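Those sequence lines, one after another, are chains A, B, C and D.
Under the working numbering, the first residue of the first sequence is numbered 1, with each subsequent residue one higher.
Under the working numbering, the first residue of the second sequence is numbered 1, with each subsequent residue one higher.
Under the working numbering, the first residue of the third sequence is numbered 1, with each subsequent residue one higher.
Under the working numbering, the first residue of the fourth sequence is numbered 1, with each subsequent residue one higher.
Even for Gly, the Cβ is constructed at its ideal location relative to N, Cα and C.
In this text the structure is predicted, and so the values were computed from the model without any measurement.
Please read the structure below before turning to the comments.
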Amino acid sequence: MTGALAAASHVAAITTPFSVPPALMDTLQVVILVLVAAGATMVVLTRQPARQAIALSAYGLLLALMFLAFQAPDVTLSELTVGAVALPLLLMLTLAKVRKRE
Amino acid sequence: MDQLLPLCVVVPLLVAATISALGWLLRPRRRMLDAIAILTCAAVAAMLAVVLTQAAHQELVYWFAGFRPHHGVAIGIDFAVEPISAGLACLAAVLVMAAMVFSWRYLEQVSTYFHALMLTFLAGMVGFCLTGDIFDMFVWFELMGVSAYALTAYRPEERGSLQGALNFAITNSVGAYLSLSGIALVYGRTGALNMAQIGADLARHPPDGLVVVGFVLIIAGLLIKSAIVPFHFWLADAHAVAPTPVCVLFSGVMVELGLFGIARVYWSMFGQALGHRAGVSTTLAVFGLLTAVVGALFCMRERHIKRLLAFSTISHAGLFLTGIALLTPLGLAGVAVYVIGHALVKAALFLCVGIVLHRLGSVNETRLHGLGRSLPVTGVIFTVAAFGLADLPLFATSLGKGWIEDGSWVLNKGAVTTLFVISSVLVGGAVLRVAGGVFYGLGDPPSESPQMAKQSDEETSETPEAKGRTPLSMIIPAAVLAAAAVVVGVLPHLGAAVEAAAVRFQDEAAYNAAVLSGLSGVHTSHPIALYPIAPAGVTLSSVLTAVGSVIASVLLALAALYWRRLPVLRRGFEPGTGLVRVVQGFQSGVVNDYVAWAVVGLACFGGVLALAIR
Amino acid sequence: MTAVQRRWLFLAGMAILAGFYLWGLTELPGFGNYPGPYGFVINRIAVAQTNATGVVSAVNFEYRGFDTVGEEFILFIAAIGVATVLRQLRNERTHESAGHEGLGAGSAETTDAVRLATLVFVGPAVLVGWFLGSHAQTSPSGGFQGGVVLATAFVLIYLAGEFLVFRRFSPIDLVDSVGAVGAGGFAAVGITAVALGLPYLTNFLGLGTVPGAVSSSGTIALISFFVGIEVAAAFVLIVGELLEQTLLVQRGGR
Amino acid sequence: MAVFPFVVVVWILGVGLYGVVTSRHLVHQIVCLIVVQSSTYVLLLAVGYVTGAVAPYFFDIKVHTPAVDPVVQALALTDVVVEAAVTALLLAFAIQAYKRFGTLDPQELVSLKG
Numbered sequence: 001m002t003g004a005l006a007a008a009s010h011v012a013a014i015t016t017p018f019s020v021p022p023a024l025m026d027t028l029q030v031v032i033l034v035l036v037a038a039g040a041t042m043v044v045l046t047r048q049p050a051r052q053a054i055a056l057s058a059y060g061l062l063l064a065l066m067f068l069a070f071q072a073p074d075v076t077l078s079e080l081t082v083g084a085v086a087l088p089l090l091l092m093l094t095l096a097k098v099r100k101r102e
Numbered sequence: 001m002d003q004l005l006p007l008c009v010v011v012p013l014l015v016a017a018t019i020s021a022l023g024w025l026l027r028p029r030r031r032m033l034d035a036i037a038i039l040t041c042a043a044v045a046a047m048l049a050v051v052l053t054q055a056a057h058q059e060l061v062y063w064f065a066g067f068r069p070h071h072g073v074a075i076g077i078d079f080a081v082e083p084i085s086a087g088l089a090c091l092a093a094v095l096v097m098a099a100m101v102f103s104w105r106y107l108e109q110v111s112t113y114f115h116a117l118m119l120t121f122l123a124g125m126v127g128f129c130l131t132g133d134i135f136d137m138f139v140w141f142e143l144m145g146v147s148a149y150a151l152t153a154y155r156p157e158e159r160g161s162l163q164g165a166l167n168f169a170i171t172n173s174v175g176a177y178l179s180l181s182g183i184a185l186v187y188g189r190t191g192a193l194n195m196a197q198i199g200a201d202l203a204r205h206p207p208d209g210l211v212v213v214g215f216v217l218i219i220a221g222l223l224i225k226s227a228i229v230p231f232h233f234w235l236a237d238a239h240a241v242a243p244t245p246v247c248v249l250f251s252g253v254m255v256e257l258g259l260f261g262i263a264r265v266y267w268s269m270f271g272q273a274l275g276h277r278a279g280v281s282t283t284l285a286v287f288g289l290l291t292a293v294v295g296a297l298f299c300m301r302e303r304h305i306k307r308l309l310a311f312s313t314i315s316h317a318g319l320f321l322t323g324i325a326l327l328t329p330l331g332l333a334g335v336a337v338y339v340i341g342h343a344l345v346k347a348a349l350f351l352c353v354g355i356v357l358h359r360l361g362s363v364n365e366t367r368l369h370g371l372g373r374s375l376p377v378t379g380v381i382f383t384v385a386a387f388g389l390a391d392l393p394l395f396a397t398s399l400g401k402g403w404i405e406d407g408s409w410v411l412n413k414g415a416v417t418t419l420f421v422i423s424s425v426l427v428g429g430a431v432l433r434v435a436g437g438v439f440y441g442l443g444d445p446p447s448e449s450p451q452m453a454k455q456s457d458e459e460t461s462e463t464p465e466a467k468g469r470t471p472l473s474m475i476i477p478a479a480v481l482a483a484a485a486v487v488v489g490v491l492p493h494l495g496a497a498v499e500a501a502a503v504r505f506q507d508e509a510a511y512n513a514a515v516l517s518g519l520s521g522v523h524t525s526h527p528i529a530l531y532p533i534a535p536a537g538v539t540l541s542s543v544l545t546a547v548g549s550v551i552a553s554v555l556l557a558l559a560a561l562y563w564r565r566l567p568v569l570r571r572g573f574e575p576g577t578g579l580v581r582v583v584q585g586f587q588s589g590v591v592n593d594y595v596a597w598a599v600v601g602l603a604c605f606g607g608v609l610a611l612a613i614r
Numbered sequence: 001m002t003a004v005q006r007r008w009l010f011l012a013g014m015a016i017l018a019g020f021y022l023w024g025l026t027e028l029p030g031f032g033n034y035p036g037p038y039g040f041v042i043n044r045i046a047v048a049q050t051n052a053t054g055v056v057s058a059v060n061f062e063y064r065g066f067d068t069v070g071e072e073f074i075l076f077i078a079a080i081g082v083a084t085v086l087r088q089l090r091n092e093r094t095h096e097s098a099g100h101e102g103l104g105a106g107s108a109e110t111t112d113a114v115r116l117a118t119l120v121f122v123g124p125a126v127l128v129g130w131f132l133g134s135h136a137q138t139s140p141s142g143g144f145q146g147g148v149v150l151a152t153a154f155v156l157i158y159l160a161g162e163f164l165v166f167r168r169f170s171p172i173d174l175v176d177s178v179g180a181v182g183a184g185g186f187a188a189v190g191i192t193a194v195a196l197g198l199p200y201l202t203n204f205l206g207l208g209t210v211p212g213a214v215s216s217s218g219t220i221a222l223i224s225f226f227v228g229i230e231v232a233a234a235f236v237l238i239v240g241e242l243l244e245q246t247l248l249v250q251r252g253g254r
Numbered sequence: 001m002a003v004f005p006f007v008v009v010v011w012i013l014g015v016g017l018y019g020v021v022t023s024r025h026l027v028h029q030i031v032c033l034i035v036v037q038s039s040t041y042v043l044l045l046a047v048g049y050v051t052g053a054v055a056p057y058f059f060d061i062k063v064h065t066p067a068v069d070p071v072v073q074a075l076a077l078t079d080v081v082v083e084a085a086v087t088a089l090l091l092a093f094a095i096q097a098y099k100r101f102g103t104l105d106p107q108e109l110v111s112l113k114g
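In structure tokens, the structure reads:
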């Protein structure tokens with residue numbers, strides 16, 4: 001963690017967001033993992049597709065947070081753009097098409 | 001010359017991108033577009049043929065971007081090519097070329113999309129065959145999959161096509177994600193993605209849960225792709241709706257690629273690590289034989305000709321898996337020859353069905369009864385190919401099957417041969433029944449259940465208006481493919497060459513040395529010392545078995561055509577009324593069922609393997 | 001099979017499969033004890049070998065660049081697949097819209113305030129996308145993320161109600177071609193190395209002297225650029241196709 | 001903590017597959033497939049994690065600082081792209097299926113088709 005303390009630039013601000021002791025990091029990871037598991041369950045059990053798109057977006061955010069806690073900022077960014085924004089958008093568009101005719 | 005290896009994958013990709021970029025220019029010039037695509041396939045096939053001849057001498061290893069292993073740790077992606085992988089990739093290129101020639105006059109409404117999809121499909125298949133890196137294999141597997149899903153739905157106006165595509169895509173995606181889980185699991189222990197390196201690392205430990213689970217998960221996606229029972233349900237749905245030239249590729253080579261993947265994964269990564277050859281062998285063989293028989297039974301009851309051929313593919317996939325399961329060079333060599341023969345014969349059959357659909361506007365066997373008499377040439381090709389599918393001696397199919405039967409003494413020769421003959425007779429009987437009924441008007445027009453009629457009639461002509469004559473661009477590929485199946489079957493010295501290739505494929509130590517230390521052409525020990533190499537020849541007993549099974553097929557086909565005139569059979573015997581209902585329960589068309597069966601099947605497969613190895 | 005039967009069949013199979021899977025997972029070295037060697041070797045040598053300080057990008061574009069070629073073509077062909085499947089509908093629209101004067105100027109219910117607020121974000125989205133796409137070698141970013149963000153800029157234009165502008169900027173054929181150029185460009189960069197007698201995808205541009213600078217990692221910046229435009233085009237194409245579907249309905253089509 | 005992330009992986013896979021099997025709506029089913037795939041991200045990232053290590057960026061950190069595995073992150077990136085591509089294609093299928101049959105229930109789709 002010494003490197004993290006030296007970090008000052010914008011890059012390091014993204015790459016080492018948690019200059020936290022490993023024990024705290026552990027707790028943080030457990031909490032996020034529990035949230036992710038709950039989020040997945042919520043997405044599956046939300047049977048109403050429009051609500052499910054929102055749930056999926058939230059789940060994408062949780063996954064992104066988890067990647068951050070696992071020291072993977074690169075994947076975080078992808079998951080934010082794809083999982084939390086692009087996919088829910090595609091879902092909404094599909095549902096818009098499908099629901100108009102009902 | 002090494003540079004040919006990446007080009008085999010990159011050239012079709014680049015051409016696909018180029019024709020899409022120039023879509024506005026090429027779309028009005030259909031013939032030019034066709035010519036470009038066909039030439040590209042021909043170039044890829046030629047390059048792979050050169051690669052094949054080079055690989056016959058020594059393993060070809062190619063490191064992308066020049067990243068060679070760093071102190072024994074692979075840091076880049078490699079292509080590791082020996083004759084079997086090069087040969088299969090070459091077969092894929094040839095079939096794509098045949099399909100493109102056939103579509104020259106077949107699909108009228110194509111834009112650049114069809115060609116781009118076919119070329120990326122080809123690139124995916126070739127990359128899948130040649131790669132030596134397990135994650136890279138997954139990437140090409142997915143490229144192949146995504147192209148195939150889109151091709152299945154190529155005629156979205158067709159009633160069933162979206163459902164077939166959805167079932168195909170969802171089932172196979174689940175499989176792909178299971179495979180990826182297995183890859184991650186194995187990576188967690190070995191810290192490697194290169195198959196040779198993983199194999200070397202895993203072999204250092206006794207086989208434990210991680211090895212068994214990793215193996216089962218990685219091949220889960222491949223079992224689904226190769227349509228092994230109970231992972232097979234998607235295949236018939238996809239075949240029934242995909243355009244006929246695409247069916248040629250699905251049956252002829254895509255399913256077989258799944259089986260190749262299983263063999264590749266086993267012999268480069270898990271063979272030594274798993275040990276317990278007898279247990280692995282028995283487990284795989286049980287699933288293979290089950291698939292062979294189930295596929296053959298479904299094939300016999302089908303009246304939709306494309307679905308019928310699809311079920312015969314399932315049956316053959318089972319036979320191939322059984323051959324791989326023997327874990328001997330003779331078994332694998334048999335599979336290699338059988339795959340070539342089957343691909344050529346099956347492709348010819350599908351192309352004939354395409355011609356029938358083009359000319360007569362139906363693929364319903366009942367409706368077509370006797371109508372095929374107006375297509376004499378197609379009838380002859382179909383009949384010849386049907387005998388090839390029934391494993392008539394002289395065809396490559398019969399040669400390969402004979403080797404597998406000869407090698408099956410390591411399991412139980414009597415049982416394996418009996419089940420092989422049963423499934424061959426059923427499949428051959430079904431296809432010969434179609435040939436006799438449709439093209440020669442033999443027997444009585446079969447009565448049909450309304451359910452079947454509905455299913456078969458949804459297929460409408462893929463070409464806009466009924467055609468008065470069959471273009472040569474459709475007849476020639478079919479005829480050439482059927483003839484090639486005989487030529488391959490009678491090639492001299494084929495046996496020795498293929499068996500040498502199979503020995504090399506199974507030599508894990510030599511593969512490792514070639515990839516990781518750059519020691520190409522070194523043949524260390526033969527790993528299967530347990531089973532001596534039997535010479536791959538044509539034995540009298542296998543010829544007699546084959547002739548007997550073909551005669552039985554013909555009799556079965558005649559019985560199926562004339563059964564109403566036989567007093568013995570007529571009495572209270574309506575074939576398959578009770579059975580149909582049971583069968584419909586399985587082949588329901590609901591993708592939820594298919595995924596449920598896949599999960600159950602995987603649980604069984606894993607459980608059986610775990611018990612066999614413990 | 002009824003829904004209840006299916007559920008129980010699945011639950012039974014899944015219980016066994018889950019146990020089986022866990023059996024394998026428990027024999028891993030344990031969370032946080034990644035044993036190497038692949039990642040550790042790469043971490044050790046990547047900066048010196050590629051001049052890229054973002055090692056994930058170095059892996060994506062250099063060590064495992066060939067995977068990325070396949071990955072880009074998956075996205076490319078998926079966009080083509082979407083266009084293929086929805087193609088039929090588009091033809092129908094051209095027939096139908098002859099009757100009722102095509103597509104108007106965006107969704108009518110968008111207010112001016114919303115429109116303005118959304119348009120304000122277009123500029124930043126383009127800038128962020130550009131930044132991400134061009135800094136693959138230093139920061140946690142790269143062509144993929146940049147491309148998606150760029151595509152979002154187009155979606156913002158649509159949200160602002162400017163569907164006509166959206167369509168003018170993204171006619172299907174043009175977007176198709178741009179995507180193809182992106183995917184093909186990546187593959188062609190690799191071929192250039194072959195033409196120079198080097199293995200496929202070799203970094204044939206010289207490395208600069210400063211690790212981490214944009215121009216110092218040879219082909220990484222170039223590849224990242226192509227990936228960026230490919231991804232942006234693929235997403236715009238997909239979103240555009242889906243949007244047409246939606247609007248087709250809104251305008252009283254079927 | 002040693003196995004907890006892996007239990008979560010199995011849970012997500014199981015829940016996702018449960019959703020796919022029990023779904024009565026194609027769009028819902030496709031989203032459940034996304035959940036199935038997300039289990040592979042968690043597994044990949046968990047497998048390459050090193051306790052107390054930094055992210056693999058050496059812009060202003062010495063090269064010998066312990067860092068987590070960059071390879072699994074690259075694999076996860078590829079995985080995300082594949083997810084986006086497959087999902088888009090499946091949604092297009094769903095739209096067309098709806099247009100043809102007027103329903104998105106997999107079971108009704110079958111009975112309509114016959």
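E62, Y63, R64, G65, F66, D67, V69, G70, E71, F73 and I74: these are the residues of the stretch 51-75 of chain C whose beta carbon lies less than 8 Å from some beta carbon of chain B, given in chain order.
B/F79 is bridged by DSSP to B/Y62 and B/T131.
With respect to the C-alpha of D/T87, the residue from D/L77, D/V31 and D/P106 having the closest C-alpha is D/V31. Contact check for B/L332 against B/I324 passes: the beta carbons are separated by less than 8 Å.
Leaving aside the five residues that flank B/A203 on each side, the residues in its chain whose CB is nearer than 7 Å to its CB run, in chain order, Q272 and A273. The beta carbon of B/A348 sits closer than 7 Å to the beta carbons of I381, A385, A478, L481 and A482 from its chain, once the five residues preceding and following it are set aside; these are given in chain order. The closest CA to that of B/V286, considering only B/A99, B/V229 and B/F350, is found on B/V229. In this chain, the alpha helix (DSSP H) harbouring B/V480 covers L472 to V490. Around the beta-carbon of B/G372, 16 or more other beta-carbon atoms lie within 10 Å, marking it buried.
Pairing C/N203 with C/I223, the inter-Cα distance amounts to about 10 Å. Taking the CA atoms as reference points, C/G70 sits about 39 Å from B/F420. Chain D places a beta carbon closer than 8 Å to that of C/L86, counting this residue as a contact.
Under the DSSP assignment, B/F311 falls in the alpha helix (DSSP H) whose first and last residues are I305 to A325. Residue-level contact check: C/N43 does not touch chain B, since none of the beta carbons of chain B fall below 8 Å from its beta carbon. Put simply, the CB of C/I223 is far from chain B, with every gap to its CB atoms at 8 Å or more.
Of all residues in the stretch 59-86 of chain A, only A72, P73, D74, V75, T76, L77, S78, L80, T81, V82, V85 and A86 place a beta-carbon less than 9 Å from a beta-carbon of chain C.
Contact between C/E230 and C/F61 does not hold, since their C-beta atoms are separated by about 13 Å, which reaches or exceeds 8 Å.
Closest in alpha carbon position to B/H232, among B/L117, B/I84, B/A612 and B/G601, is B/G601. Taking a C-beta distance under 8 Å as the contact criterion, B/G76 and B/A86 do not qualify as a contact pair. Among the residues facing chain D, B/Q3 is not included, as its CB has no counterpart in that chain under 8 Å away. Note on D/K62: under 16 other CB atoms within 10 angstroms of its CB, so exposed under the neighbour-count rule. Looking from the CA of C/V59, the closest CA among D/V54, D/V42, D/T78 and D/A46 belongs to D/T78.
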